[in-house]
Every structure is written in C-alpha cells, then in structure tokens.
Amino acid sequence: MTPSAGEDKSVLLAEINRILFSGYGICSCPLNYGTPFQLLVATELSAQCTDLRVNQVTRELFKYYPDASSLAAASRDRLEALIRPAGLFRSKAENLIRAAQSLITDFGGEVPRTMDKLIRLAGIGRKSANVILGNAFGIPGFPVDTHVKRILNRVGLCASDDPEKIEAEVNAFIPDKHWTNLSHLLILHGRETCTARKPDCGSCVINHLCKYYRHLCKYYRRME
Ligand code: SF4
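Numbering (our numbering), first residue to last: 23 to 246.
Given below as structure tokens:
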C-alpha cells in the first residue's frame, strides 16, 4: 500500500526534525525571562524587533515592572520611554498595560496556561501564546513565525501563508513532544541558512528533502 500524502509529509517532517536536531539539539527560548509573566512581556515586545534588542530592553524594564501588578499600575509615559528601543512603543505599551490589568482582574495575577485564555490578553496572538505555553509551561505549542512559514513552504510541507493553517498541519504531522523544539530549530535554520533573500541551499543540511532546491537544480540543469 502506498502512503497517503499526510503520511508522506509526516515522514518528511520527522526527517527534517531529526536532521536539524542533530545539528542544533534542544534549543532554549532566546528571550530572557525569569517568570511566565516576563516571557509574556518579552514576547509582546518581540514583534518586529530582534531578540537581542528585546533582551536589552527587558533587562531594564523588569527592574521596574517585574510582575503583573507593577505593570498594571505603570505610568504609560514611563513605560513608553523604557520600551521605545523595541519599536512600536505606543501600541506595545498600551497592550502591555491592558494585558497586565487583565491578568490581575481575570486570572489572579497569573499567566493562564491555555491557548483560549492567553489569546484573550491584549497583544497576544496564537504565535505568542504558543511561545509562552511551550517555553514557560512545557505545554506543547508550535509557534509559526516568518522563518517557520518560509521554510515549511519551501520544502513543500505546506502551501499556505496562513500561520494558523500551518500550525494545524504541523500538529497533525508530528507528535506534540516535538512541536516547541521544532519551531526553535526551524527559526535557527531560517536565520542561519534558509534566509528570506538568499537561502544557502548548497550547504543546507536538508536540501535533499527540499522542493525549492529540487526546482532550483532543475532550472540550472536546463541552463547548462
Ligand atoms: S535547500 Fe534551500 S530553500 Fe530548501 S530548506 Fe535548505 S536553504 Fe531553504
């Protein structure tokens, strides 16, 4: 019996996971945090900002606002000044204060541990919620960022721009114990090798599994 398309993709994703894992191993979240609340804040600040810059901002920020109650009572102007280097500082400050206030009023000051509750917080979408679930609580989650989306489309595992659809597909293709680390692996691979503008396909460790690379090889063969 020939395998179904879903089974093929499960095998392909398992192999990609195996190869990238052999290079990178177990990855930790690049955002610095001491508590789930601090990871929530760092995740909100990471929108359109590098992890390095977020870590510089939070080093100072957490001295003044280490928990939900202090942030819920923060002065908007002071908070904006502290997070300004992370960009989009006005909307981020508003979301952070609103999220902290919701944590106090709706969740007893604690970060909730379910997707449904997390995405009720201002500024938290599925990607951020999955980062928090997977990294702060060890609850499987598959965050789909721009690197993850790009690689999974290039290798031919997905054919969609919709992060929610990609997340659902990956969740179906591979056991949940792999989700959080696989997302880290793909992000690292996207930063170091499968970059947006100029993927280094020649030295890519998963190029033998990649649809984009197969097309590229065919194109160059035709040119010869
Ligand atoms: S072969 Fe190229 S396009 Fe495919 S995953 Fe590797 S770097 Fe990305």
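Think of the CB as a built atom: it goes at the ideal place given N, C-alpha and C, for glycine as much as any other residue.
- Residue ranges of uninterrupted alpha helix (DSSP H) with 4 or more members, entirely inside the region 50-123 and ordered along the chain, are 58-67, 73-86, 90-94 and 98-105.
- Taken atom to atom, the span from the alpha-carbon of P221 to that of A69 is near 23 Å.
- Taking non-hydrogen atoms of the ligand SF4 into account, the C-beta of I228 is found less than 7 Å away from one of them.
- Set against 7 Å, the gap from the CB of T215 to the closest heavy atom of the ligand SF4 is smaller.
- Two segments are said to touch when three or more pairs of C-beta atoms, one from each, lie closer than 8 Å; by this definition the region 223-235 does not touch the region 197-210.
- Counting along the chain, L143 sits inside no alpha helix (DSSP H), nor does DSSP assign it H or E at all.
- Inclusion of D222 in the 7 Å shell around the ligand SF4 follows from its C-beta lying nearer than that to a non-hydrogen atom of the ligand.
- For C180, the shortest C-beta to heavy atom distance toward the ligand SF4 is 7 Å or greater.
- Beyond the five residues adjoining it in sequence on each side, C180 comes within less than 6 Å, by CB distance, of L174, I188 and E191 in the same chain, given in chain order.
- Per the Cβ contact rule, the region 84-104 is not in contact with the region 28-46 (fewer than 3 Cβ pairs under 8 Å).
- Look at L179 here: in three-state DSSP terms it is coil, with no helix or strand label.
- Of the heavy atoms belonging to the ligand SF4, at least one sits nearer than 7 Å to the Cβ of C232.
- A contact between stretches requires three or more CB pairs, one per stretch, nearer than 8 Å, and the region 47-66 meets this requirement with the region 154-162.
- At least 8 Å separates the beta-carbon of A115 from that of G145.
- In the three-state reduction of the DSSP assignment, A158 falls in the helix class.
- Between V79 and L104, the C-beta gap is smaller than 8 Å, which places the two residues in contact.
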